[in-house]
Structures are given as structure tokens and as C-alpha cells.
Amino acid sequence: MAPTSHVVVVGHGMVGHRFVEALRARDTDGNWQVTVFAEEADAAYDRVGLTGYTEHWDRARLALPGNDYPGDRLVDVRLGSRVAELDPLTKSVTTTEGVRIGYDALVLATGSYAYVPPVPGRDLPSCHVYRTLDDLDAIHADAVRARDSGRTPVGVVIGGGLLGLEAANALRMFGLQPHIVERSPRLMAQQLDEAGGALLVRMVTELGITVHTDMGTSMIAPTQRNRPVRRSAEDDSVRVTLSDGTFIDAGLVVFAAGVRPRDELARAAGLEIADRGGVITDLSCATSDSSIYAVGEVAAIDGRCYGLVGPGYTSAEVVADRLLGGAAEFPEADMSTKLKLLGVDVASFGDAMGVAPDCLEVVVNDAVNQTYAKLVLSDDAKTLLGGVLVGDASAYGVLRPMVGEQLPGDPLALIAPAGPDAGGALGIGALPAAAQICSCNNVTKGDLISAIGSGCCDVPQLKKCTLAGTSCGSCVPLLKQLLEVEGVAQSKALCEHFPQSRAELFDIVSATGIRTFSALIERFGSGRGCDICKPVVASILASTSSGHILDGEQASLQDSNDHFLANIQKNGSYSVVPRVPGGDITPEHLILIGEIARDFGLYTKITGGQRIDMFGARVDQLPDIWRRLVEGGMESGHAYGKALRTVKSCVGSDWCRYGQQDSVQMAINLELRYRGLRAPHKIKMGVSGCARECAEARGKDVGVIATETGWNLYVGGNGGMTPRHAELLIGDLDDETLIRYIDRFLMFYIRTADRLQRTAPWVEQMGVAHLREVVCDDSLGLADEFEAAIARHVEGYACEWKGVLEDPDKLSRFVSFVNATDVADPTVTFTENSGRRIPTPIGMPTLRGSR
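Under this note's numbering, think of the first position of the sequence shown as 264, with each following residue one higher.
#1: For D655 and V626, I'd like the C-alpha separation in whole angstroms.
#2: Looking at the unbroken beta strand (DSSP E) that takes in P232, where does it start and where does it end?
#3: What's the call for H319, buried or exposed, on a 16-neighbour Cβ count within 10 Å?
#4: From which residue to which residue does the beta strand (DSSP E) around L992 run?
#5: Could you check where the beta strand (DSSP E) with F878 kicks off and where it finishes?
#6: Counting Cβ pairs, one atom from each stretch, are 3 or more of them under 8 Å apart for the stretch 288-306 and the stretch 402-411?
#7: Quick one: measure Cβ to Cβ for L742 and L725, integer angstroms, because I've assumed they're closer than 8 Å.
#8: Have a look at S344 and A372 and give me their C-alpha separation to the nearest angstrom.
#9: In whole angstroms, what is the alpha-carbon distance linking M665 and P695?
#10: Give the DSSP-derived three-state secondary structure of I483 in the structure shown.
#11: Look up M948 in the DSSP assignment and give the residues it is bridged to.
#12: Starting from S611 and walking both ways along the beta strand (DSSP E), at which residues does that stretch end?
#13: For the alpha helix (DSSP H) holding H280, just list the boundary residues, first then last.
#14: Thinking C-alpha only, which one of P266, L1034, G274 is nearest V558?
#15: Are the C-beta atoms of I848 and some chain B residue less than 8 Å apart?
#16: If you draw a straight line from the alpha carbon of M948 to that of V417, how long is it in whole angstroms?
#17: Please state whether DSSP places I848 in a helix, a strand or coil.
#18: State the beta-bridge partners of P381 as determined by DSSP.
#19: Please state the DSSP three-state secondary structure of G365.
#20: Would you please state the rounded distance, in angstroms, between the beta carbons of G423 and M451? I believe it to be under 8 Å.
#21: Distance check for A519 and C434, CA to CA, integer angstroms please.
#22: If you follow the alpha helix (DSSP H) that A430 is part of, which residue opens it and which one closes it?
#23: Here's a check: name, in chain order, each residue in its chain whose Cβ is nearer than 8 Å to the Cβ of I771, leaving out the five neighbours to either side.
#24: I'd like to check one pair, S916 with V950: are the Cβ atoms closer than 8 Å?
#25: Could you please give the first and the last residue of the uninterrupted alpha helix (DSSP H) stretch that includes A301?
#26: Tell me whether V751 sits in a helix, a strand or coil according to DSSP, three-state version.
#27: What's the C-alpha gap between G732 and V739?
#28: Have a look at V840 and E990 and give me their C-alpha separation to the nearest angstrom.
#29: So, with DSSP's three-state summary, where would you put Y316?
#30: May I have the straight-line CA-CA distance separating H269 from Y366, to the nearest angstrom?
#31: Just checking, does the stretch 1042-1049 make contact with the stretch 867-879 on the three C-beta pairs under 8 Å criterion?
#32: Got a sec, what are the start and stop residues for the beta strand (DSSP E) R502 sits in?
#33: Which word fits I472, buried or exposed, when buried means at least 16 other C-beta atoms lie within 10 angstroms of its C-beta?
#34: Compare the Cα-Cα distances from L768 to each of A484, Q753, P798 and report the closest residue.
#35: Tell me, please, which residues DSSP counts as bridged to V561.
#36: From L640 to L455, what distance separates their C-alpha atoms?
Pasting the structure below:
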């Protein structure tokens, strides 16, 4: 049946995409033809996760699922096409290319634009906004020039809200020293109260970011030419003058001072506009023209604009329902937010600022552990109205759905440091059916229970059926909890070939002595295996033996990185990473690395883990490179493996006037002890010589911090896309006890963690109290067994690359082509990247691996 109506959607962001999805899912008769005009060249992508783009520079990874509506003849997406004119009289829109198209209904999903305050100099080349993927590309290019070409390695972010903190983090990742300038007296003024904002400032400052609160920007001007450093022709560095007369010399400026609705089309068309911008709509999201709707950030629903994706999705659902004859209305919006900014948990929900009359506040401000929690209660202290969490937002998942509900017990118990698991202990079972579990998609506990009753028996099915957890993902742990509360048994099968979990397979291998994948799957599994179970079994076999990972059948089980004992890079070349224990390196080894990089034309990079990476090697070059390294006394750094990567250290008591213990030697001892130890995921450690934490040990899987009397042991931290501070396991240990406890912790993790599970979620799953009992008190009686396993590993350790060089069969794997005989490769060209020669192989193997 041919469609009878035509809807035009102006804008293809997250909310515009949600509208199209909702309409097409419900329009089972195919009555509506959809045309989408997207101003950007990229189809709908995850703008909430925009900063993640700076970690991988892969636009496809941010693309929203189904944003090209494959196989749907009723959806026409026109990328890079901006609507320039809207004519309500003729019900048509016209693009900048002169294309004119009519509509029966129009949906404005134009979103917002980055607000740039009227600061003199805001149009200089070094000034940017932080809004789109193209913006991030431009910021990155300018930051690299500022860092590498003699310009000031400082970046100024104007605005200390959500985007401002994300922008500052991006600049820090680019190697600049960020400054945040915020007009308000605190950071995140819209989400946090004064105390929460103050704690956030302290935590952000400790990360090396300078914060200027209660401060405006008076002027931005090119840096004066009489500086000590001569300006080059491309020198766009600027001087940012603040409202108190002080100034900051910077390589670039990023404006993150808020957003404004993109309502220019509606204004020009004569639609009613709110006083502070945005297209006024009623609760059906219809504008002053009944055939035109507005959704997302451009919509002023009953006069109010909402800047969060959750209310935007709700407005999209309302309009989809209305176009199909429904009567949906926009409900009261949930303005709760939970984020991890610069590795710091921040959350606010409900009446976070305590504006309700006669409300009460329960506050726990733990300066030592750097956490702040506030609950806002009704005047009788029985009903939760809102709250703020900084530093530890683990209770957010349970607390936010309880807003407006009667508390089941003492509110202090929910946020007291003595009971950090109180929120989890309270659990989803205590929530009423009307509690909203997924605010992004307006999914209640009752909706989820209904889906479970209809046959949804695991988290993926719940996500598909209800859309809960498909946006920001913060509610996914609650979905699993609910399934357990409802008595739905969760499969622990590793994959379709093994009904056992990874931990169960580990126990089977340990008990039976099976040493091959084929024997294991024949006896305990089925089929031939897959890309899930093969690397897992390979890891288990490596964790329970000192055999070489490329011996016999085991070689075929490895993923692409372990396959060649090197990290494959995005251009098809490989990296070479020799071990530098604790960051301690001799001049001879520095010279050796430099000579190899020069001779093979490799790009060198000093990493955050205190070692030197060499990039751009071909497969056939790897043995020659490693032969020189091994002969020079260096060994594999295992940067390619799910194993110990590095143990970062500060300079410790040998050099630092604050050092309390010899952190360098301890880091060396730990790295040499655990090198090559295979695990469910990569492991990083850090050793700091004092509480100043220069080695950032609390951001590591295992962190050690010196005290006057010994060492404090922290576990379960990590960086990456979901940073988490490690938690104190036990304090004031001597050297011998510290190493013994780390032995036990690592082996307990290796034996019981799930496939590809980092220590951070594993520690959350186990609970620090339980880990303390197992590791320190030996509650399971396995301490001797754990220590013996590590002792066997230490005794049997051998450099994997040395083993390759001594075995002709293993060496035969490292050729680009069967008949490759010479070193020169005509398929490799070099391109300039910020002044660096980056090898760009053509036609190299397309194997993929994770670093």
C-alpha cells in the first residue's frame, strides 16, 4: 500500500532519529512517507558520548544503530542538506541547494547550537566550540599544532558545565594544560549545590586542570609579538584576559558556555517563540501551526526547553503517537543526570537544589575519601525529593527511581560511608512498579516486569523489548538485578559451544590437566568453537601453564594481537613495545630504542605507562626488531596481551623530598614478578611514593601508595571509557605482606572473573568486604594455592619474543607474503601528520585487535 501522508523531519540528531524509529515501528500500515534533512554529513550519532570520539577517532563507533534505516523504502535521509526556508502557507521547505519539498506534517528536530558569549576576539582562528564531530576534529588539529610547534601548550575552556568539563578532559588528552573559566561560583552550577561543586573543583584540580570560578572573560587577543618565543606564520596563540584583569596565554580557546535552541527557521516562518528562545509547543509538542511539531532541544514545551536526551526522546515518542492518531502528552520531565567526568562520578536527581518548601537535607561530606552525598527529603523526612552525589554515584541507580516515593528506612544509611553498598543492598526489589528505571526511554519497573512476564529472560531481550538501557546505559545493572529478583535464572554459558562460565572452565582445566582446546571442547563442549571461546580458553591455558602461547594448537586460538605478539594499528601496521619495569630505563636501552626506531622508520611515543612505543612496523619486520631488542637485554612488554601491561611509578624516596618509600624499586619488583601473567583482561598497576599520588595508583587495577609505616593496597581502579577509582583493600603493609596479598588478589581475579571483565566491575561484583576476607583473612582457605600458582608463574616465565626468535616454526609466521624476501615494501607510503612521518600500509592484513 502506498503511503498517504508525508512527514518532513528537519534535523537528524539523536532525537530526530528516535522520532523516525518510533514512527516507523508503530506505522504498521505504512501510511507515512518520511524525509529527513540532515545538516551534518554524518547520520545520527551519539552526541552524549561525543568525548569518546577523542579516544578512537572512529565516527562509525558513535553512529546510532539503524541510522540509515536499511531496507526501509519509506525513509529518505538526505545528509549534508540544510533547510534554509520554511513556508507554513504552502506547507513546504526549501534547502540551500534550492530543493523544495512539501509536507503534510513537519517535525523540527534542529536541536541547539553552541552559545558563544560576545567576548572581543571570539572569532579568532584559535577559538572553537565543542558541539559536533567536525568541531572535535578542528580542536584536535589546533591542539596538536599548539603542543608540537612551539606554541603555548595551554588550552582555555570558557564554561564549567557538563560540556566544559568534557572539553577540558579532551584538551588534557591532547597533551595541553587545560584552564576552565566559569562565571558561576562553582562547576556544574545547574546540577550541583555549593558543597558538591566545591568537591568537584578539588578533584578536578588534582587532575592538573586549573579552575577559575566566579570569573568572566573580558577579551581574547593574539599573543603579543614581543614574546621570548618568536611567532611563526602559523602561530595563532592568544591571550585570554579574565574579568579580574589577569590573563592566560593559550594555544586555543574552546567555548562551552551553554547552548541555544536552533529556532531560526521557526522565527522566520512566524511561529511562536519563547522569550528565551525555542519554539513554543503545547504538551502534544505541536507548535502554533498545528501541522508543525518541535522535539528535543529546540522545543519550548509549555514554554520550557529541556537540554537532556531523555526529555527529547519523550517528545519524539509523543509526536510519533500523535501522527498516528494517538493522544499522548509530554509528562513531567526527568532532569536527572549521572555522568563520569574526568574520572569523577557526578549525579543529581529530582529536587537536587532543595527548593521545595520546608524540605530537609541529609548530607555526608567525606573529605578523606573525596565523596559527597546529599538527599533532599520532605518536611516529615519520609519522602525522597532529590539528591546530589559526587565522587561515588553507585547508589544513583536505586535512589533516582525512588524520587517522590516513601523511603523504606533511615535515609542516612543509603549514603553513609560505612555502608557504601547500601544502595545496592536496598536493591530494585524495594522500588514500586511506577518507579522509572530508564529515564532516557521512560521505562518503569512495571514495564520491565511485564516484559519479563511476556518471556524476556535476559538483559539483551529486555533492552530490545522495552528500549531500557539502549541510550546512556546507566540502568543496565538494574535490569540484571530485576531479572534476579523476579527469579529468572541467568545463563552463565560462555558461548554456544560451552555451557560453563569462564570461571567454571578455569576450574575444569585446573582439575583435569587438559592442555588443548580440542580436548576441552570434545569433553566438555560441543562444535568447533568460535571467536569468543577460543581466546578465552587460550587465556586460561596460558594462566595455568608456562608454555609458549604460539606452541602447537594454541597458536590458532589467539586473537590478532597475540597472533603476532604485537598490537595491530588502524593502518594495518604493528607496534613494538619493550618492557620498561617501573619506568626505570638505562641510557643504553634508550639509545637502543632510538636506533631501532631510526633504522626501521618507526614513530616513537612515550606512553602514560612510562615506556616507549614504536609504531609502524610491518609483520615481517617484527622478528628483526625484536632480535635487536632481545640481544640488547630487553624483553616483551606484553602490550598485545590480556596480561600485565605496566607498573607505573613516581621517583619515590630516592629523589623526591616527599617520598616515604622506595616506590621505584617496588614497581620494578612487581612488574618483574607479574610480567606475562595472563588474565581475563589487561592489568595495570601503579606505585606512588607518598599520598601526593604522582603515579596515579588509584586509577589502576592494583594501586600501591606509600605511607610512613608501609604500603596501602588499593584494588579495582581503571581508566579508559569507564574510569573508576580503586578502593582501599588494606593499609600499612610491609613489603612481604603486600606482595603476598597482591598474589592472592590477582589469582582470585584470574580464576573467577568473566570473559573480558576488568578488575573494576569484578571488584564491584565481589564487594571489597568479601575480597578483604578472601585475600587478607583467607576465608576460602585458598591463600596457599593462590601464592603457589604465582610462584609457578614466576619460575616458569620466559620472554615470548625470545621464544619466537629461537624457534624457526614460530618465525615462519611473521611474513607479509609467502614469497616475501626483502625488507623494502612498495605498498608502504608515508604521510605527514602534524610534522610526523606516519607509515600508511596499503593492503596489509585486516585483522583487528584491541590495545
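Don't be surprised by glycine CBs; every beta carbon is placed ideally from N, CA and C.
Per the coordinate set shown:
#1: 14 Å
#2: Since the first residue of the chain shown is 264 and the last is 1114, residue 232 is not available in this structure.
#3: exposed
#4: 990-996
#5: 875-880
#6: no
#7: 5 Å
#8: 14 Å
#9: 8 Å
#10: strand
#11: V910, V965
#12: 607-613
#13: 277-289
#14: G274
#15: Considering every chain present, this structure includes no chain B. It has just one protein chain.
#16: 29 Å
#17: coil
#18: Its beta-bridge partners do not exist; DSSP assigns none.
#19: strand
#20: 7 Å
#21: Reading off the sequence shown, one finds Leu at residue 434, where the question assumed Cys. If you take the alpha carbons of L434 and A519, they lie about 13 Å apart.
#22: 425-436
#23: Q763, I777, L783, F787
#24: no
#25: No alpha helix (DSSP H) contains A301, which is instead part of the beta strand (DSSP E) from 295-301.
#26: coil
#27: 5 Å
#28: 30 Å
#29: helix
#30: 5 Å
#31: no
#32: 501-505
#33: buried
#34: P798
#35: The partner list for V561 (beta bridge, DSSP) is empty, contrary to what the question assumes.
#36: 16 Å
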